[in-house]
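Asker:
Number of protein chains: 2
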Amino acid sequence: MSEQKNVGFQDIRDEVLNRIQTRVWPQGSLLPTEIELAAEFGCARATVNRALRELADQGIVTRKRKGGTRVVTTPVKQAKLPITVVRKTIEEMNAQYRYALVSRTVIDCPAWLQAKLGLPEAANIVHLTCMHQADNRPFQFEERWINVDAVPHVTNEDFLTTGPNEWLLAEVPFSNAEIAFSAVPATGPLQEFLSVPTGTPLFQLERTTWFQNKPVTFVRMTFHQGYQMRTTY
Amino acid sequence: MSEQKNVGFQDIRDEVLNRIQTRVWPQGSLLPTEIELAAEFGCARATVNRALRELADQGIVTRKRKGGTRVVTTPVKQAKLPITVVRKTIEEMNAQYRYALVSRTVIDCPAWLQAKLGLPEAANIVHLTCMHQADNRPFQFEERWINVDAVPHVTNEDFLTTGPNEWLLAEVPFSNAEIAFSAVPATGPLQEFLSVPTGTPLFQLERTTWFQNKPVTFVRMTFHQGYQMRTTY
DNA sequence: AATCATATTATGTCCAGAATAATAGGGATA
DNA sequence: TATCCCTATTATTCTGGACATAATATGATT
């Protein structure tokens with residue numbers, strides 16, 4: 612009987628990956644051509660192509676026309692960390708989320724921010740500070756600057772019940788961003804709002820966001836003492 | 612004359628993305644079917660499929676059989692941060708890289724590490740501490756534990772000239788990992804090797820690595836004062 | 001020896017057709 | 001009303017073919 616099981620592109624992808632991991636095809640070596648692999652697996656070349664393209668997307672192999680498909684020598688792993696709103700982070704911990712607006716002012720864009728956003732001239736900025744609490748304990752202190760020019764009706768929003776985080780995500784859903792992580796000492800409002808002694812090491816995330824090459828917002832999020840940001844690859 | 616330019620899948624992807632960004636197809640709405648889109652763009656359905664699949668991979672839309680293709684309501688951005696060896700990080704800054712082994716011992720696996728790696732029983736561990744310098748200034752202090760069972764000939768390696776980072780990458784190139792970022796105070800060897808006062812906030816990266824479900828290594832990398840890890844999305 | 005044109009080759013992209021799998025929605029049934 | 005089942009719809013995947021494109025190798029010319 613022995614039914615010939617049809618191979619899918621996933622089977623091919625997995626088998627090729629396996630051969631790479633077990634050094635059948637060692638690092639830096641050239642794989643057989645798509646035609647040869649298609650013959651071996653008994654499928655169309657397009658199927659092999661699909662499989663190899665996925666491996667190329669993952670950075671396992673590199674492909675060049677005429678050059679063939681090659682196992683990369685030093686794979687560059689990419690840790691993917693999902694950027695989500697604080698509320699969800701807290702809710703996923705099964706903790707009670709609470710948001711509070713601390714201050715809201717409209718200001719002229721300070722010089723340092725103008726440089727950071729790449730703004731050619733002075734602009735109106737909505738400046739916000741807010742607190743996010745988990746089970747009534749400080750979780751994250753957020754300081755945010757929003758470019759009024761990019762999101763005009765931000766001036767109508769009071770941010771009393773919804774954080775700027777979520778508001779902007781709904782308003783400007785598809786944007787680009789630059790992110791920087793660092794460790795900073797607790798000073799001024801940080802130590803106050805996060806209830807820690809002066810100088811306590813705190814995890815901080817700064818993010819500048821653009822939409823269609825127009826600067827939208829800069830945010831500085833500082834987390835409670837001992838916070839760990841986790842991910843896998 | 613007006614030559615009809617052939618549309619590629621990239622054109623379709625870009626056009627669809629554009630319509631989503633400009634709210635022609637607002638968040639949560641249902642896109643036309645592949646057949647309809649193929650008719651509109653004058654191409655085969657496979658081409659539309661390729662385009663939509665890419666958008667789905669990017670998390671812009673979700674696709675379900677029968678359910679159709681839908682614009683996601685709250686796009687979950689994924690910041691991709693390339694994990695590379697310290698040497699390359701430093702060399703990309705056009706700084707001189709210098710590596711030094713601080714200590715190397717073979718120990719029985721301590722209980723906390725056994726738990727972290729999920730090891731069922733006691734095991735041999737190679738414990739290393741090393742320093743990475745950029746232009747003769749402290750850059751990163753690395754403390755590493757390697758599971759001898761997973762990489763037996765680690766016992767033959769003295770790590771005098773090559774860091775365990777690079778050695779392992781060549782040895783176990785395709786692995787999975789869990790990563791945690793945090794801010795810690797400088798204490799003990801940290802303040803000493805990184806030349807900072809006690810309690811200075813330092814950026815720290817912890818990583819546990821598996822290969823084929825076998826724990827390989829745990830590493831704690833602590834960076835110099837003021838270090839920022841950067842990425843985009 | 002150096003340069004240029006040409007042929008070769010492997011991947012990239014596309015097409016039209018078909019079979020498959022999941023599921024939403026409607027209708028029949030309890 | 002609630003539950004189950006059928007069916008139409010839609011995305012998913014594969015096929016086998018075709019042409020396009022980029023990089024390399026080869027050969028001819030200078």
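One line per chain: the protein sequences are A and B, in this order.
Residues 612 to 844, numbered by our numbering, are exactly what the first sequence covers, in order.
Residues 612 to 844, numbered by our numbering, are exactly what the second sequence covers, in order.
Positions of the beta carbon are idealized from the N, C-alpha and C atoms, including for glycine.
1. Here's the rule: buried if 16 or more other CB atoms are within 10 angstroms of the residue's CB, otherwise exposed. What is SER613 of chain A?
2. Buried or exposed, going by whether 16 or more other CB atoms sit within 10 Å of the CB of GLN615 of chain B?
3. Does the pairing of the segment 638 to 649 of chain B with the segment 675 to 688 of chain B give three or more beta-carbon distances under 8 angstroms?
4. Can you name the residues of chain A whose CB is closer than 7 angstroms to the CB of GLY810 of chain B?
5. For GLY619 of chain A, which option in A:TRP778, A:THR700 and A:ARG656 has the closest C-alpha, if you only look at C-alpha atoms?
6. Could you check if ARG748 of chain B is buried or exposed, using at least 16 other CB atoms within 10 Å of its CB as the buried criterion?
7. Excluding the 5 residues preceding and the 5 following GLU782 of chain B in the sequence, name in chain order all residues of the same chain whose CB lies nearer than 7 angstroms to its CB.
8. I want to verify the contact list: residues of chain A whose CB lies under 8 angstroms from the CB of ASN787 of chain B, in sequence order.
9. Quick one: using the 10 Å Cβ neighbour count with 16 as the cut-off for buried, is ILE705 of chain B buried or exposed?
10. Using a cut-off of 9 angstroms between C-beta atoms, extract the partners of PHE652 of chain B located in chain A.
11. On the CB-based measure, 16 or more other CB atoms within 10 Å of its CB, does GLN839 of chain A come out buried or exposed?
12. For a minimum of 4 consecutive residues, which ranges assigned as the alpha helix (DSSP H) are wholly contained in the segment 699 to 734 of chain B?
13. Who are the Cβ neighbours of GLU768 of chain B in its own chain at under 7 angstroms, not counting the five residues just before and after it?
14. Is the CB of ILE701 of chain A under 8 angstroms away from at least one CB in chain B?
15. Evaluate GLU817 of chain B with the Cβ neighbour count: other Cβ atoms within 10 Å of its Cβ, from every protein chain shown; 16 or more gives buried, anything less gives exposed.
16. Measuring alpha carbon to alpha carbon, tell me which of A:THR766, A:LEU666, A:VAL697 and A:ARG676 ends up nearest ARG709 of chain A.
17. Whose C-beta lies closer than 6 angstroms to the C-beta of SER793 of chain B among residues of the same chain, with five residues either side of it excluded?
18. Listing by chain order, which chain B residues have their CB less than 9 angstroms from the CB of ALA791 of chain A?
19. CB-CB under 7 angstroms to LEU628 of chain A, same chain, minus the five flanking residues each way: which ones, in chain order?
20. Give every residue of the same chain whose Cβ lies closer than 7 angstroms to the Cβ of THR809 of chain B, excluding the five residues on either side of it in the sequence, and list them in chain order.
21. With 16 other CB atoms within 10 Å as the buried threshold, where does PRO637 of chain A fall?
22. Find the residues of chain B that neighbour VAL795 of chain A, judging by a C-beta separation of less than 8 angstroms, and give them in chain order.
23. For HIS764 of chain A, count the other beta carbons within 10 Å of its own beta carbon; 16 or more makes it buried, fewer makes it exposed. Which is it?
24. Looking at the strands, I want to know which residues DSSP matches up with LYS825 of chain B.
25. Would you check if the distance between the CB atom of ASN776 of chain A and the CB atom of TRP821 of chain A is smaller than 8 angstroms?
26. List, in chain order, every chain B residue whose beta-carbon is nearer than 7 angstroms to that of ILE757 of chain A.
27. Out of curiosity, what's the CA-to-CA distance linking ASP668 of chain A and ALA662 of chain A?
28. Under 7 angstroms between beta-carbons, which chain B residues line up against LEU712 of chain A? List them in chain order, please.
29. Just curious, the alpha helix (DSSP H) that ILE623 of chain B is in, first and last residue?
30. Please report the distance separating the alpha-carbon of LYS825 of chain A from that of THR842 of chain A.
31. Pick out the complete alpha helix (DSSP H) segments inside the segment 730 to 816 of chain B, 4 residues or longer, and give them in chain order.
32. Could you check which residue in B:ASP746, B:ALA745, B:LEU805 and B:VAL737 has the C-alpha nearest to that of PHE770 of chain B?
33. What residues in its chain sit with their C-beta under 6 angstroms from that of ILE631 of chain B, if we drop five residues either side in the sequence?
Answerer: So, from the data block:
1. Legend: pLDDT at SER613 of chain A = 34, less than 50; position of this residue unreliable, no value from coordinates given.
2. At GLN615 of chain B, the pLDDT of 42 sits below 50, so the modelled position is not reliable and the matter cannot be decided from this model.
3. In short, these stretches touch, since the Cβ pair count reaches three.
4. For a Cβ distance threshold of 7 angstroms, residue set GLY810 of chain A lies close to GLY810 of chain B, ordered along the chain.
5. A:ARG656
6. exposed
7. The residues VAL762, in chain order, have a CB closer than 7 angstroms to that of GLU782 of chain B in the same chain once the five nearest residues on each side in sequence are set aside.
8. For ASN787 of chain B, the C-beta contacts it makes with chain A under 8 angstroms involve THR843 and TYR844, in order along the chain.
9. Residue identity check: residue 705 of chain B is Asn in the sequence provided, not Ile. With fewer than 16 Cβ atoms within 10 Å of its Cβ, ASN705 of chain B is classed as exposed.
10. Per Cβ cutoff of 9 angstroms: no residues; PHE652 of chain B is ~20 angstroms from chain A at best.
11. exposed
12. 722 to 728
13. TRP778
14. It does not; no Cβ of chain B falls within 8 angstroms.
15. When all chains shown are included, GLU817 of chain B counts as buried.
16. A:VAL697
17. GLN815
18. GLN839, MET840, ARG841 and THR842
19. The answer, listed in chain order, is LEU666 and ILE671.
20. ALA797, THR798 and GLN802.
21. exposed
22. Per Cβ cutoff of 8 angstroms: ALA794 and PRO812.
23. exposed
24. B:PHE822
25. no
26. Those within 7 angstroms of ILE757 of chain A in chain B number zero; the least Cβ separation is about 18 angstroms.
27. 10 angstroms
28. Going along chain B, no residue has its Cβ under 7 angstroms from LEU712 of chain A, so there is no contact; the nearest lies around 21 angstroms.
29. 620 to 632
30. 30 angstroms
31. If we require 4 residues or more, the alpha helix (DSSP H) runs fully inside the segment 730 to 816 of chain B come out as 775 to 782 and 799 to 804.
32. The residue with the shortest Cα to Cα distance from PHE770 of chain B is B:VAL737.
33. VAL682
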